[in-house]
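Q:
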Amino acid sequence: MTTTTTSFRKYVSIPAAWILLVLAISSLPDDCRAYKKDSIFHAVSRHGKAKASKPVLPGPWKKAHATFYDGSPSSFDGGGACDFKDVVQEGYGMNTAALSGALFKGGEACGACFELKCVDNPQFCRLGHPTLHVTATDHCPPNPSLPNDNGGWCNPPLEHFDIAHPAFGQLAEEKSGIIPVEYRRVPCQKRGGIRFTILGNPWFIQVIVTNVAGAGDVKSVMVKGDKVPWTRMERDWGETWKTGVHELVGESLTFRVKTTDGRSCTAWHVAPKDWQFGQTYEGKKNFRM
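Residue numbers -34 to -1, 1 to 255, in mature numbering (1 follows the signal peptide of the UniProt record, and there is no 0), belong to the letters of the sequence shown in order.
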């Protein structure tokens, strides 16, 4: 009897361990919260029970400079270097900024949120030194033909914000041209879930990730289908991610988004099996604040 029991445990322990591991992995919590109201887009959510990790923002105050660009409604089309397309329609509004290369980091900062205040310029700063929250949506290119202190504001290694005109006016008078500011990273406040706009073709799939709360800037994106296992997507440019796994066409899609603070959020089956290119799908989850 003893031999039989031992033998039975020998053969059962391994698959049992695997079952427990699979169950544990499937129930891992996301660092995001679910919304009760139905989204205007197709969405399915899944809840974890364990305690999620805490955000690490806001960050310390640092010194930089800021200028402004056109900022008219027509200037917001095209998405800029982050490929957000129409930032007003996508919920970013006109509180947006193009970052110098030192802050933009090749597109890694897309979607990050910053708090700015005008300093050391009493002649032009608004009374009370109000702060302004902006989202990084574009890149301010360098101008090597001009010196860093006279027109080459976005040249390396300067940290600079080129803010949309309507938003700049909340910090200082526009006749100031350029102002010294202090800035810090802050959590992004968003309504609704993370959104995924699917582009490309049956052989090459692109996904633009928008409306990301918390840290805001995305470090990695993974996708899985009904039969296709978790697949890491590559950053195409800005917040556009790509994959050549064409077997995802015709399968419901689940996306896992990881932000630069190390937290992750999963939109389970956010795109149905009959998803279409050019459509946007919104999950019922976003990062906890």
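Every residue gets a Cβ at the ideal spot worked out from N, C-alpha and C, and that includes glycine.
A quick note: this is a predicted structure, and the numbers were derived from the prediction, not measured.
(1) Could you compute how far the alpha carbon of D128 sits from the alpha carbon of D192?
(2) For Q242, count neighbouring C-beta atoms within 10 Å of its own C-beta (all shown protein chains included) and say buried if the count is 16 or more, exposed if not.
(3) Using the Cα positions of P123 and V215, report the straight-line distance between them to the nearest angstrom.
(4) Mind checking which residues open and close the beta strand (DSSP E) that includes F50?
(5) Within a Cβ cutoff of 6 Å, which residues of the same chain sit near A(-19), ignoring the five residues on either side of it in sequence?
(6) Tell whether a beta-carbon distance below 8 Å holds between S230 and V236.
(7) Using only the alpha-carbon positions, how far apart do M255 and V100 sit?
(8) On the three-state DSSP scale, how would you describe R12?
(9) Taking 8 Å as the threshold (C-beta atoms), are R201 and M188 in contact?
(10) Exposed or buried, R157, counting other C-beta atoms within 10 Å across all chains shown (16 or more means buried)?
(11) What does the alpha-carbon distance come out to for the pair G73 and G182?
(12) Taking 8 Å as the threshold (C-beta atoms), are V152 and E81 in contact?
(13) In angstroms, rounded to a whole number, what distance separates the CA positions of S111 and C76?
A: Put simply:
(1) Here the C-alpha atom of D128 lies approximately 43 Å from the C-alpha atom of D192.
(2) With fewer than 16 other Cβ atoms within 10 Å, it is exposed.
(3) 43 Å
(4) That residue, F50, is in no beta strand (DSSP E); it is neither H nor E in DSSP.
(5) Legend: pLDDT at A(-19) = 43, less than 50; position of this residue unreliable, value from coordinates given subsequently. Around A(-19): no qualifying Cβ.
(6) no
(7) 17 Å
(8) Here R12 scores only 35 on pLDDT, less than 50, and its place in the model is too uncertain to base an answer on.
(9) no
(10) If you draw a 10 Å sphere on the C-beta of R157, you find fewer than 16 other C-beta atoms in it, and that means exposed.
(11) 12 Å
(12) In contact: E81 and V152 (Cβ atoms closer than 8 Å).
(13) 26 Å
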